[in-house]
Ligand code: C2O
Ligand code: CU
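Numbering (the numbering used here), first residue to last: 717 to 1195.
See below:
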């Protein structure tokens, strides 16, 4: 059978989406530093738009966008500046904006029913918050997220360090994964039980900054900062920079002791950001692959690093990058910490026999009938009306031990805070590492610590969006 849009393998990947098969490489153009500088107030208008994301040889795609682009406008602030951003909703349904990774006051966190009322079609909402932490962050709706984010509502926020590292270019790579049909239309079926119970919505078209252009041009000798963000619903990327050794300088916005990515391979799960420094140390006029080998059976070429024929920018390699200045995060007091566990169960082939949903116990069939297939500490998340699963006293250090008792990876994300990763499977971390989204491998256990210093009721959930709607979330309360 003829498939005009995708190769057979590509199409297969789409139709077997929840298994997480690979897809074709379709890279894009760097946004470069062409940022929108936010004046005292700017408006993000969420509205339908029709754009070409898969290439001129294919039809355009009907999307939902911020200000008509995918990803939405790149927002840039200086550290400590106050962001003042109005959301205007021209969508056919209610929405909101969550400032993923930014420690906003609770009322600005953008979770309908928990921190604000949903913004109905035709309405506006003004978000204002101070950007205490420098780094690479994300914005996206927190209403009907599996559909709204898949349709294109999301964008990057950069909060500039007072003293940014010296680089020749500062570029963004917003990674996305779309499930499209033969006409390049978004497959209009969201949140299926198959996606919920497996790896979430996996697509068949991979984009970087909203297009499938594949070449990333480099000049020999230059040093580039690449801000990676995984904005996919479910896909985890493992980017292998062949014959290059990118430095990891920040995770989820926060500086980490610069270290070469192990094996030149950078794993990034939905909701995570990783800042790299890439030194182009090869001669002009050469090409190198950036592969995604997250699924070794379906490795594909995600990007090609294309060295221009210009003469090298410098003759000597630069010294290793310096560590970014620390953000003003309260240091956990481990001696006085309160301990909590989050036991993750469920999913396909899982061991979840029963769980509570809105106060009632159900066996797994009863849960599945109600669209739930995951539980945290025996409770399937229903929505913002749930009671908090964990209570934190304001100002006290908390340690959460996550135990992933499932066969699936989960990027667990907390709102309003950033945590320090203490251990993985009982082993201390090789270096101090902050974040807001921790990827737990199947059966993995990890401890994170943070000071609960931001009062309010906050979400904590898996950022595989179909897992969240399948029950993998909870409310935590700081009071
Ligand atoms: Cu990216 Cu609950 O958020
Ligand atoms: Cu998950």
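Glycine residues also receive a C-beta, built at the ideal position from the N, C-alpha and C atoms.
| If you check the beta carbons only, do residue 868 and residue 781 fall under 9 angstroms apart? | yes
| Alpha-carbon spacing of residue 1186 relative to residue 1093, whole angstroms | 15 angstroms
| request: Determine whether the Cβ of residue 1157 lies closer than 9 angstroms to any Cβ atom of chain D. | output: Of the chains in the structure shown, none is chain D; there is only one protein chain.
| said: With DSSP as the reference, identify every bridge partner of residue 1062, one or two as the case may be. | reply: 1090
| message | On the DSSP letters alone, give me the boundaries of the alpha helix (DSSP H) that residue 910 sits inside. | response | 909–913
| Sequence-distant residues of its chain with Cβ nearer than 6 angstroms to residue 1196 (five each side left out) | Outside the shown range of the chain (717 to 1195) lies residue 1196, about which nothing can therefore be said.
| Distance, residue 1189 Cα to residue 966 Cα | 26 angstroms
| How big is the Cα-Cα spacing for residue 1178 and residue 792? | 27 angstroms
| beta strand (DSSP E) runs wholly inside the region 1083–1146, at least 3 long, in chain order | 1090–1092, 1106–1108, 1113–1120, 1126–1130 and 1135–1140
| message | In the DSSP assignment, the beta strand (DSSP E) including residue 899 goes from what residue to what residue? | response | Here residue 899 belongs to no beta strand (DSSP E), and DSSP marks it neither H nor E.
| said: Using a Cβ-Cβ cutoff of less than 6 angstroms, which residues in the same chain neighbour residue 750 once the five nearest sequence positions on both sides are dropped? | reply: At residue 750 the pLDDT is 40, less than 50, meaning the model places this residue with poor confidence; the figure from the coordinates comes in the next sentence. Around residue 750: no qualifying Cβ.
| message | Using the Cβ count rule (16 or more neighbours within 10 Å means buried), how would you classify residue 1132? | response | buried
| Endpoints, the alpha helix (DSSP H) within which residue 865 is located | 861–866
| What residue does the alpha helix (DSSP H) around residue 998 start on, and which one ends it? | Looking at the DSSP string, residue 998 is not in any alpha helix (DSSP H), and its letter there is neither H nor E.
| request: Ignore the nearest five residues each way along the sequence and tell me which others in residue 893's own chain have a CB closer than 6 angstroms to its CB. | output: 919, 922, 948 and 951
| Near residue 1034, what residues of its chain come up, given a Cβ to Cβ distance below 7 angstroms and the 5 sequence neighbours on each side ignored? | 939 and 995
| query | Are the beta-carbon atoms belonging to residue 953 and residue 861 less than 9 angstroms from one another? | reply | no
| request: Spell out a yes or no on whether the region 1158–1165 and the region 1115–1130 are touching, meaning 3 or more CB-CB pairs, one atom from each, closer than 8 angstroms. | output: yes
| query | Whose C-alpha, out of 1024, 925, 984 and 980, is nearest the C-alpha of residue 933? | reply | 1024
| Cβ-heavy atom distance between residue 987 and the ligand C2O below 8 angstroms? | yes
| query | By DSSP, does residue 923 sit in helix, in strand, or in coil? | reply | strand
| query | By DSSP, does residue 930 sit in helix, in strand, or in coil? | reply | coil
| task | Identify, in the order they occur along the chain, each residue of the same chain with its Cβ nearer than 6 angstroms to the Cβ of residue 885, setting aside the five sequence neighbours on each side. | result | 940
| field | Beta-carbon proximity list for residue 1020, same chain, < 8 angstroms, skipping 5 on both sides | value | 743, 930, 931, 932, 1003, 1004, 1005 and 1006
| field | Close-in-space but distant-in-sequence residues of the same chain around residue 943 (CB under 6 angstroms, 5 per side omitted) | value | 852, 888 and 991
| query | Which of helix, strand or coil does DSSP assign to residue 1188? | reply | coil
| said: If I measure Cβ to Cβ from residue 999 and keep anything under 8 angstroms in the same chain, skipping five residues before and after, which residues do I get? | reply: 936, 1023 and 1028
| Hey, would you say the C-beta of residue 1178 is under 8 angstroms away from at least one heavy atom of the ligand CU? | yes
| Distance between residue 1017 and residue 958 (C-alpha atoms, nearest Å) | 11 angstroms
| Local conformation of residue 818 per DSSP, three classes | coil
| query | Assuming residue 903 contacts residue 896 under a Cβ cut-off of 8 angstroms, what Cβ separation, rounded to an integer in Å, is found between them? | reply | 7 angstroms
| query | Taking the Cβ atom as the reference point for each residue, do residue 1040 and residue 881 lie within a distance shorter than 9 angstroms? | reply | yes
| query | Hey, is residue 1065 close to the ligand C2O, as in C-beta under 8 angstroms from one of its heavy atoms? | reply | no
| said: Between which two residues does the beta strand (DSSP E) holding residue 945 run? | reply: 939–946
| the ligand CU heavy atoms versus the CB of residue 1127: any closer than 8 angstroms? | yes
| query | Per DSSP, what kind of secondary structure is residue 1081 in: helix, strand or coil? | reply | helix
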